[in-house]
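Asks: Line order of the protein sequences matches chains A and B. Per the working numbering, the very first residue in the first sequence carries number 778; after that it's consecutive. Per the working numbering, the very first residue in the second sequence carries number 778; after that it's consecutive. Cβ atoms here follow ideal geometry from the backbone N, Cα and C, with glycine treated the same way.
Protein chains: 2
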Amino acid sequence: MEIVNRVSRMSAITAKVLSADVKIGLVSTMGAIHPGHLSLIQTARKMTDLVVVSIFVNRLQFLTDDEYKEYPRDITKDVDLLRNESVDYIFTPPEEEMYPADFSTYVEVENFGQKLPGLHQAAYFKGMTTSVMKMLHIVKPAFLFFGQKDGLQGAILRKMVRDLNINTEVVVLPIVRDASGLAYAARNYFLTEPQKAAASVIYRSLQAAQAAVAAGETQAKRVIAEIARVVGAEPQAKLEYAVVADPGNLEPLTKIQGSALIAVGAMIGKTSLNDSLLVEKK
Amino acid sequence: MEIVNRVSRMSAITAKVLSADVKIGLVSTMGAIHPGHLSLIQTARKMTDLVVVSIFVNRLQFLTDDEYKEYPRDITKDVDLLRNESVDYIFTPPEEEMYPADFSTYVEVENFGQKLPGLHQAAYFKGMTTSVMKMLHIVKPAFLFFGQKDGLQGAILRKMVRDLNINTEVVVLPIVRDASGLAYAARNYFLTEPQKAAASVIYRSLQAAQAAVAAGETQAKRVIAEIARVVGAEPQAKLEYAVVADPGNLEPLTKIQGSALIAVGAMIGKTSLNDSLLVEKK
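1. If we require 3 or more residues per run, which beta strand (DSSP E) segments fall completely within the segment 938–993 of chain B?
2. Does DSSP put G1042/A in a helix, in a strand, or in coil?
3. Given this structure, state the Cα-to-Cα distance separating G1025/A from N965/A, to the nearest angstrom.
4. Skipping 5 residues on each side, what residues in its chain have a beta carbon closer than 8 Å to that of R999/B?
5. Alpha carbon to alpha carbon, how far is A991/B from S1036/B?
6. What does L921/B pair with, by DSSP beta-bridge criteria?
7. Can you name, in chain order, every residue of its own chain whose Cβ lies under 7 Å from the Cβ of T1048/B, other than the five neighbours on each side?
8. Name the residues in the segment 914–928 of chain B whose C-beta lies less than 7 Å from a C-beta of chain A; which are they?
9. Could you tell me the alpha carbon to alpha carbon distance between G812/A and L921/A, rounded to whole angstroms?
10. Residues in its own chain within less than 8 Å of L795/B by CB, not counting five upstream and five downstream?
11. If I follow the unbroken alpha helix (DSSP H) through E1090/A, where does it start and stop?
12. CA-CA distance, V1020/A and G1009/A?
13. With C-beta atoms as the reference, is S865/B less than 9 Å away from E994/B?
14. Quick one: measure Cβ to Cβ for I818/B and E862/B, integer angstroms, because I've assumed they're closer than 8 Å.
15. Report yes or no: do three or more beta-carbon pairs, one from the segment 782–791 of chain A and one from the segment 884–891 of chain A, lie closer than 8 Å?
16. Roughly how many whole angstroms lie between the Cα atoms of R954/A and K823/B?
17. What's the C-alpha gap between K1015/A and D1052/A?
18. Can you list, in chain order, the residues of its chain with a C-beta nearer than 6 Å to that of L959/B? Leave out the 5 residues immediately preceding and following it.
19. Output, in chain order, the set of chain B residues within a Cβ distance shorter than 7 Å of D940/A.
20. Are the C-beta of E887/A and some C-beta of chain B separated by less than 9 Å?
21. Using a Cβ-Cβ distance under 9 Å, would I943/A count as near chain B?
22. Along the beta strand (DSSP E) that carries V834/A, what are the first and last residues, could you check?
23. In terms of residue numbering, what span does the beta strand (DSSP E) encompassing Y883/B cover?
24. Can you give me, in chain order, the residues of the segment 844–865 of chain A that have a beta carbon less than 9 Å from any beta carbon in chain B?
25. Would you verify that the beta carbon of D1023/A is, or is not, closer than 9 Å to some beta carbon of chain B?
Written out as structure tokens, the structure reads:
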């Protein structure tokens, strides 16, 4: 495993292996490596010949400076965790190489999921797509791995890849959860133990939604009401959004037919958490 | 020479040759092939192993539907001209493959040249950068060739390539002109013979600007006034813009020191023409 700090070196390495017909897998992270990341890495290992894990806290996808500064960073611990996996390269570019002072080029997926409540933070998604586009150019992966927790992100990236003819497949994998059902996430780091216990309500609300669909419910409105009911029962949780959308184009659904992405966002104390699952109506 | 119409086939061809360490050159055109394009192709031939000429009238970079519809298209004539050059592939994707109905991802170079008069048509540049980004992903060139006539375009693309870590070098080559000094351009097709003669005033205005700089003029304002004077003397020409800018970041210059990009746009009848040159102040 080698740690690469320079964009030019990372780019040279991937260009060289590509000419030898090697398939590259990229697990793009903001650090704070958790079991969810490790599961992506294990799949990347099976599907590709060379695994790159990027660790870059992307300023552009934070809505406030404070949020950016407070994001958990512990590169020593991350490297230790990754050393136990078979990762070929850890790519940790410095901020000034990724966004030099005169940086001003952005990639934006427009008119996508804009009708969904809680998704109006266009700046967030524009920052995310721009950073991933740069990573794709530097690392040149055949496959890019994301967790279903960031299911909206995965759907937006699939659209970007298709629209811009990028030769990379976005692979979205199931969420890894702790025993309480809480999805592993960097932001869990901010939770106290009692908050962690409370946060498990998010997954329970998704399970309740799934159960309702399995029991025959097809009205998105009622599924959303069910999520609100379950989250509402937990005093420490504040529902930010609950949406039922077409997983392909993120258009809100009124009726569930075929597959639907159910996504929930909730605040636990001052921490914003997201979770989602795909349901399939036969 | 092979004509490729499908995005997937072009992408497969270039992926295959790249793994054999072949350097690809792309001459990106909207057709109406003229001696300016041929000169780009000849340089591409010298610098690269495989030359792709793309012919695609990019709807996104027209400000009106009429302009888009009226743009000269003659693929048979273009192919005949290219057959005499050593072009490996002509890539002519259909509109619906480049921009399917749900297309919505754009690449934009922000805060670049926005202070320049005549450059406020942000939609034009956003359409241009988006289309070129797609072409770069499909064709994967080591070098992308542009003429100095589109010097502003070249500067914007260089910024895009740098900001997004694209492994392609933008090569800007000198303008090819007819005996009168008029730069070869697709839009010349719309000019009557008397208009063509009148259009040569654009290059004469640039020559006058260059002569003024060579004679010691360093004030951009006076150079611009000189251009306006020369163009003003031609009744069939209407100056649209005359700018003196830093070729690196397109910021308008007040004083000429080192290199400066002098660009002129003028209407001849209903046809908008552009020309530019680089001056070097020692």
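Replies: Result, derived from the coordinates:
1. 946–950
2. The residue labelled residue 1042/A in the question sits at position 265 within the first sequence. It is a strand residue.
3. Translated into the one-based positions of the first sequence, residue 1025/A becomes position 248. Translated into the one-based positions of the first sequence, residue 965/A becomes position 188. Rounded to whole angstroms, G1025/A to N965/A spans 28 Å at the Cα level.
4. In the second sequence, the residue the question calls residue 999/B occupies position 222. Within the same chain, A989 come within 8 Å of R999/B by CB-CB distance, once the 5 residues on both sides are set aside.
5. Counting from one through the second sequence, the residue named residue 991/B turns up at place 214. Counting from one through the second sequence, the residue named residue 1036/B turns up at place 259. Going by the C-alpha atoms only, they are around 12 Å apart.
6. Counting from 1 along the second sequence, the entry for residue 921/B is found at position 144. According to DSSP, which records beta bridges pairwise, L921/B is partnered with L803/B, V947/B.
7. The residue labelled residue 1048/B in the question sits at position 271 within the second sequence. Closer than 7 Å at the Cβ level, and outside the excluded window around T1048/B, lie R964, F967, L968.
8. H914, I915
9. On the first sequence, position 35 is the one that residue 812/A refers to. On the first sequence, position 144 is the one that residue 921/A refers to. It is worth fixing the name first, because residue 812/A is Pro in this sequence and not Gly. Each residue's alpha carbon lies about 17 Å from the other.
10. Numbered from 1 along the second sequence, position 18 holds the residue referred to as residue 795/B. Hits under 8 Å: I801, K917.
11. Only positions 778 to 1059 of chain A appear in this structure, which leaves residue 1090/A out of reach.
12. Taking the first sequence and counting its residues from 1, one reaches residue 1020/A at position 243. Taking the first sequence and counting its residues from 1, one reaches residue 1009/A at position 232. Their Cα atoms are separated by approximately 16 Å.
13. Here the question's residue 865/B lines up with position 88 in the second sequence. Here the question's residue 994/B lines up with position 217 in the second sequence. Contrary to the premise, residue 865/B reads as Asp rather than Ser in this sequence. Taking 9 Å as the Cβ cut-off, D865/B and E994/B do not qualify as a contacting pair.
14. Here residue 818/B refers to the residue found at position 41 when the second sequence is read from its first residue. Here residue 862/B refers to the residue found at position 85 when the second sequence is read from its first residue. That pair is a contact at about 5 Å.
15. no
16. Indexing the first sequence from 1 puts residue 954/A at position 177. Indexing the second sequence from 1 puts residue 823/B at position 46. In a straight line, the C-alpha of R954/A is about 57 Å away from that of K823/B.
17. To locate residue 1015/A, count along the first sequence from 1; it is residue 238. To locate residue 1052/A, count along the first sequence from 1; it is residue 275. Roughly 14 Å between the two C-alpha positions.
18. As a working note, residue 959/B is residue 182 in the second sequence. Cβ within range, chain order: A976, S977.
19. Mapped onto the first sequence, residue 940/A falls at position 163. Chain B residues near D940/A: F880, S881, T882.
20. The sequence position of residue 887/A within the first sequence is 110, counting from 1. Closer than 9 Å to some Cβ of chain B, the Cβ of E887/A qualifies, so yes.
21. Sequence index remark: in the first sequence, residue 943/A carries index 166 (1-based). Closer than 9 Å to some Cβ of chain B, the Cβ of I943/A qualifies, so yes.
22. Your numbering for residue 834/A matches position 57 in the first sequence. It is not in any beta strand (DSSP E) - V834/A carries neither H nor E in the DSSP assignment.
23. Stepping through the second sequence from its first residue, residue 883/B is reached at position 106. Element bounds for Y883/B: 882–886.
24. none
25. Position 246 of the first sequence, counted from the start, is the residue given in the question as residue 1023/A. No, because no Cβ of chain B sits closer than 9 Å to the Cβ of D1023/A.
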